[in-house]
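Participant: Letter by letter, the sequence shown follows residues 1083 to 1834 in the working numbering. Virtual Cβ for every residue (Gly too), placed ideally from N, Cα, C. Bear in mind that the values here come from a model prediction, so they are computed numbers and not experimental data. Dropping the structure in here first, questions after.
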Amino acid sequence: MQDRTDTPATEPPIFDIERALEDQILAVMKNRPTVVLTEPTDPRIVEAACHLARFARLVFLAPESDVRGVVANDLAHLDPTRVEFTMQSSTFVDPAADDDLLDEFARECMCLPEELRRESTLEEAREANKKPSRFGIMAVRCGHADMVAGGMTHRPRDYFRPMLRLLQVNRVMCEAGVFVLPPEHPTDIFPHNIVIFGDVGVNATMTPETLARIAVGTCAVARDIIPEDVLPIINGAIVSYSHKGSDEGESPELVRRAAALVPDILAERVKMGERYASINIEGEVKISTALSRRSAMYYTGGDAESLSGRTNVIIAPNLDLGNLLFHLYSARYPEAKKFTAMFGIRFKGVDLPMDCTAKDAELAIQASILRLQKFGHWDRTPRDTFFPRRRILAVNPGSTSTRISVYEGDLESFTTELQHSAAEMEPYESLPITAQHMFRKDVILKELEAHGLTLDDLDAVAARGGLVRPIPHGTYHVNELMLSDLRDAIGGEHASNLGALIADELARGRELPAYIVDPVVVDEVWERAKITGLKEIRRLVISHALNQIATAQRYAQEHETFYESINVIVCHMGGGITAGAHRRGRYLDVNNGLNGEGPFTPQRSGSLPTGQLIDLCYSGKYTHGDLKQLNKGRGGLIDLLGTADLREVQRRIDGGDGWAREVFEAMAYQIAKEIAGLLPAFQGEPLDRVLLTGGMARSEPLVAAIESYLPPSCCGVSVYPGENEMYALVMGVLRVLNGKEGARTYAPEIKG
């Protein structure tokens, strides 16, 4: 009899651990944790880091020039854009030169309990903390970072053991070794070729309680990492040389006593997360039955499926066996995806074996980030030492309200819509809208005070840009020329004209910078798109520039690259619809959504047959004002169906309204047509993606209908629903404050 039975007709697919970790992190990520890399000049860790920047804020404990030198000498195969994105997204710290943190860490060391302390004087502690391994561990202990990674070039006594000693949370800690084995491993032993070993690195001394907690902890690691649709049940086996009482000795007795403790410990774990209810742990299992179907057939009386083919977590009764299994499988299957994960230190540390690959390191850090995000106790790094959280006030004036948000870094503290009553607005009825700026400033100050904030607590003000003169995209200092143009309403009266005026008043007399970001008049459109068939008419450029560019920036960041390196078409779908071509950092073409050009929308008529429109203008049925209203305000879905609510349209379709379905399909078709019509703007360069945003992007039927009309050359669709205006304002200013781009000066070319 051979070690494996006949291969099943349909084998389960090999688990894609890389994709699974990425997808799960993105699904639950609230913020990016700060991760300290203690071996920043090892090419493996630098390569791993270049695939982690969208999941973590990375701190390299070395000068930036040293890390870039590693890239130049050893990592020429990496995409230069990916490398540059990582470098710009990271912080570089020389531990030996950071006197403030060294002093803090030394004081912390002197306050440690005697059993944890290793130095007897402040100076000894300060010197010890100059080592990157200790510096990184202490940075996490003191709240400056969330996670530390190391071990590639450090002996266990220099990194691993201090990490356990200084970051311990649970009474019992353990280390799990996670493997996704290659296809050459028999696929009918471990489901999806996934196996997790524990403990592989921590506990040299074993008691029944320690072993029981290791069993639950290792299975909890497996449940945190492996999705339930891949492994519905986590089946753990505490292995022994005895099987179900078949032999005697200290080791089997240890396993039996541990198995008896498992149910209560597992019940405690289930209280921490319902997902842990899918864990099943079996005690005193002969190791050969967990590793071989042939052995399982004999030791289980012919019921091989009860163990082999079902077990996915193997818990060793001692550290020697666990460590041996991990390294045997590492050596036997060098192509396996493998990494270790710590239990009992609350995801604060990552241990990287000396022989690990760059991919192993990447997976290990991703797995810890995933578990940190899933556990639910964390929302941001306690202290913002390495990545300062700038407090930014965003101001977005509307006709009868002012929306404000306060962000700390890229995290929203609060957002409020300040409504202005008719009585409050009455004094301004006959005045230009800009006359309201002092009134609105005072309302904002009162709201800040209600949240315990003053202007001195802010680092910058980000305001919605108004109808200034056409300018390139970017973040602009508010200056006197801009204020003058807004007071003069050179682009027309609009509530957004208040933004810069309010920001200027808030900042005046303080060292508080005020900015606007990507106003609707951003114009980088090439001349060939502006020329029409009538020399008296040139296309104007007015669009949802703020959300358009912010969405493209967000897509670039998610793909660890830059706005200047991507080709995307962004379609903003709200009361107005604009489709814009973004070619390597230039907003190259877009329809005039304000004046109704392009597809019809919930409120706008869209582009119309010119001859019929001329006839309608002179038919005598409508005044000039009527036609303006039909073009913008009473056109589109309102004129066709009597509602601007896409949800109501969908309800009518679901109720069998054929006309509503025709109108819905027509709108989707025209949106897709507008998108596809932008392909020539890229002059044959490949398109990276079509991005749908705005309120209507929440409609799954609309998104699906648009996708169905787009050609393969559009390279797929990603959806970013909502207006996202406040976030976009803040991110534009953050890019300036963090040195990612320079602030622009408003000095448009004024044509005579």
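Can you find at least 3 beta carbon pairs, one from the stretch 1508-1527 and one from the stretch 1573-1583, that sit closer than 8 Å?
Facilitator: Taking 8 Å as the limit for Cβ pairs, the verdict is that the stretch 1573-1583 does touch the stretch 1508-1527.
Participant: Distance check for residue 1638 and residue 1817, CA to CA, integer angstroms please.
Facilitator: Here residue 1817 is taken as the residue at index 735 of the sequence shown, counted from 1. Here residue 1638 is taken as the residue at index 556 of the sequence shown, counted from 1. Roughly 14 Å separates the two Cα atoms.
Participant: For the beta strand (DSSP E) containing residue 1420, list its first residue and its last residue.
Facilitator: Locating residue 1420 in the sequence shown gives position 338, where the first residue counts as 1. Segment 1419-1425, the beta strand (DSSP E) holding residue 1420.
Participant: Return the first residue and the last residue of the beta strand (DSSP E) that residue 1229 is part of.
Facilitator: One-based indexing of the sequence shown puts residue 1229 at position 147. Segment 1229-1232, the beta strand (DSSP E) holding residue 1229.
Participant: For residue 1368, write down the residues that DSSP places opposite it in a beta bridge.
Facilitator: Here residue 1368 is taken as the residue at index 286 of the sequence shown, counted from 1. Residue 1368 is bridged to 1322.
Participant: Are the stretch 1444-1458 and the stretch 1229-1238 touching, with three or more C-beta to C-beta distances below 8 Å?
Facilitator: As far as the Cβ criterion goes, the stretch 1444-1458 touches the stretch 1229-1238, which means the pair count is three or higher.
Participant: Residue 1204: buried (16+ other C-beta within 10 angstroms of its C-beta) or exposed?
Facilitator: Position 122 of the sequence shown, counting from 1, holds the residue named residue 1204. Burial call: exposed.
Participant: Let's test the definition: count the other Cβ atoms within 10 Å of the Cβ of residue 1749 and tell me whether it reaches 16, buried, or not, exposed.
Facilitator: Taking the first residue of the sequence shown as position 1, residue 1749 is located at position 667. It is buried - the Cβ of residue 1749 has at least 16 other Cβ atoms within 10 Å.
Participant: Just tell me which of 1381, 1549 and 1132 has its CA closest to the CA of residue 1571.
Facilitator: Taking the first residue of the sequence shown as position 1, residue 1571 is located at position 489. Among 1381, 1549 and 1132, the Cα nearest to that of residue 1571 is on 1549.
Participant: Name, in chain order, the residues that DSSP records as bridge partners for residue 1655.
Facilitator: Counting from 1 along the sequence shown, the entry for residue 1655 is found at position 573. In the DSSP output, where bridge partners are listed per residue, residue 1655 has 1659.
Participant: For residue 1280, write down the residues that DSSP places opposite it in a beta bridge.
Facilitator: Counting from one through the sequence shown, the residue named residue 1280 turns up at place 198. 1258 and 1397.
Participant: Starting from residue 1477, trace the beta strand (DSSP E) both ways and give me its first and last residue.
Facilitator: Counted from its first residue, the sequence shown places residue 1477 at position 395. That run of the beta strand (DSSP E) goes 1473-1479.
Participant: Three or more C-beta pairs under 8 Å: does that hold for the stretch 1183-1190 against the stretch 1210-1221?
Facilitator: Because the criterion of three Cβ pairs below 8 Å is met, the stretch 1183-1190 and the stretch 1210-1221 touch.
Participant: Could you name each continuous beta strand (DSSP E) segment of 3 residues or more that falls completely within the stretch 1449-1507, going from the start of the chain to the end?
Facilitator: Segments of the beta strand (DSSP E) lying fully in the stretch 1449-1507: 1473-1479, 1483-1490 and 1493-1501.
Participant: Using a Cβ-Cβ cutoff of less than 8 Å, which residues in the same chain neighbour residue 1716 once the five nearest sequence positions on both sides are dropped?
Facilitator: For this step, residue 1716 is matched to residue 634 along the sequence shown. Around residue 1716: 1685.
Participant: Where are the alpha helix (DSSP H) runs, 4 residues long or more, that stay fully inside the stretch 1573-1605, in chain order?
Facilitator: DSSP runs (the alpha helix (DSSP H)) wholly in the stretch 1573-1605: 1580-1589.
Participant: What are the start and end residues of the beta strand (DSSP E) that includes residue 1431?
Facilitator: Locating residue 1431 in the sequence shown gives position 349, counting from the first residue. Taken as a continuous stretch (DSSP letters only), the beta strand (DSSP E) holding residue 1431 covers 1431-1433.
Participant: Would you report the Cα separation of residue 1620 and residue 1612, rounded to the nearest angstrom?
Facilitator: By 1-based counting over the sequence shown, the position of residue 1620 is 538. By 1-based counting over the sequence shown, the position of residue 1612 is 530. Whole-angstrom Cα-Cα distance: 5 Å.
Participant: If you draw a straight line from the C-alpha of residue 1633 to the C-alpha of residue 1775, how long is it?
Facilitator: Here residue 1633 refers to the residue found at position 551 when the sequence shown is read from its first residue. Here residue 1775 refers to the residue found at position 693 when the sequence shown is read from its first residue. In a straight line, the C-alpha of residue 1633 is about 7 Å away from that of residue 1775.
Participant: Hey, residue 1434 and residue 1103: beta-carbon distance below 8 Å or not?
Facilitator: The sequence position of residue 1434 within the sequence shown is 352, counting from 1. The sequence position of residue 1103 within the sequence shown is 21, counting from 1. The answer is no: Cβ separation not under 8 Å.
Participant: Per DSSP, which one or two residues make a beta bridge with residue 1542?
Facilitator: Position 460 of the sequence shown holds residue 1542. Paired residues: 1474.
Participant: Does residue 1090 pass the burial test, meaning 16 or more other C-beta atoms within 10 Å, or should it be called exposed?
Facilitator: For the purposes of this step, residue 1090 is taken as the residue at position 8 of the sequence shown. At residue 1090 the pLDDT is 44, less than 50, meaning the model places this residue with poor confidence and gives no usable figure here.
Participant: Chain D beta carbons: is any one of them nearer than 8 Å to that of residue 1721?
Facilitator: Among the chains of the structure shown, chain D does not appear; only one protein chain is present.
Participant: Under three-state DSSP, which class holds residue 1826?
Facilitator: By one-based count along the sequence shown, residue 1826 stands at place 744. Residue 1826 falls in the strand class under three-state DSSP.
Participant: Cβ atoms of residue 1157 and residue 1129: under 8 Å apart, would you say?
Facilitator: As a position in the sequence shown, residue 1129 is number 47, starting the count at 1. As a position in the sequence shown, residue 1157 is number 75, starting the count at 1. It is a contact, given that the beta carbons lie within the stated cut-off.
Participant: Given this structure, state the Cα-to-Cα distance separating residue 1356 from residue 1801, to the nearest angstrom.
Facilitator: Your numbering for residue 1356 matches position 274 in the sequence shown. Your numbering for residue 1801 matches position 719 in the sequence shown. C-alpha separation (whole angstroms): 30 Å.
Participant: Mark residue 1358 as exposed unless 16 or more other C-beta atoms lie within 10 angstroms of its C-beta, in which case mark it buried.
Facilitator: Your numbering for residue 1358 matches position 276 in the sequence shown. So residue 1358 counts as buried.
Participant: If distances are taken between C-alpha atoms only, which option among 1641, 1107, 1133 and 1810 comes closest to residue 1458?
Facilitator: As a first step, residue 1458 must be located in the sequence shown, where it is residue number 376. Out of 1641, 1107, 1133 and 1810, 1107 has the C-alpha closest to the C-alpha of residue 1458.
Participant: In angstroms with no decimal places, state the Cα-to-Cα distance between residue 1710 and residue 1647.
Facilitator: Reading the sequence shown from its first residue, position 628 is the one you call residue 1710. Reading the sequence shown from its first residue, position 565 is the one you call residue 1647. Spanning the two alpha carbons is a distance of roughly 40 Å.
Participant: Spatial neighbours of residue 1247 within its chain, please: CB distance less than 8 Å, with the 5 preceding and 5 following residues excluded, ordered by chain position.
Facilitator: For this step, residue 1247 is matched to residue 165 along the sequence shown. Contacts found: 1198.
Participant: Does the distance from the CB of residue 1285 to the CB of residue 1317 come in under 8 Å?
Facilitator: Counted from its first residue, the sequence shown places residue 1285 at position 203. Counted from its first residue, the sequence shown places residue 1317 at position 235. Going by C-beta atoms, residue 1285 is not nearer than 8 Å to residue 1317.
Participant: Take the Cβ of residue 1824 as the centre, count every other Cβ of all protein chains shown within 10 Å, and call the residue buried at 16 or more, exposed below.
Facilitator: Within the sequence shown, numbered from 1, the residue matching residue 1824 stands at position 742. Classification for residue 1824: exposed.
Participant: Who are the Cβ neighbours of residue 1822 in its own chain at under 7 Å, not counting the five residues just before and after it?
Facilitator: Within the sequence shown, numbered from 1, the residue matching residue 1822 stands at position 740. 1170.
Participant: Identify whether residue 1167 lies in helix, strand or coil by the three-state DSSP scheme.
Facilitator: In the sequence shown, counting from the first residue as 1, residue 1167 sits at position 85. If DSSP states are grouped into helix, strand and coil, residue 1167 belongs with the helices.
Participant: Inspect the beta-carbon positions of residue 1150 and residue 1557 and report whether they are closer than 8 Å.
Facilitator: Reading the sequence shown from its first residue, position 68 is the one you call residue 1150. Reading the sequence shown from its first residue, position 475 is the one you call residue 1557. No.
Participant: Can you say whether residue 1029 is buried or exposed, counting buried as having 16 or more other CB atoms within 10 angstroms of its CB?
Facilitator: Residue 1029 is absent from the model: the chain starts at 1083 and stops at 1834.
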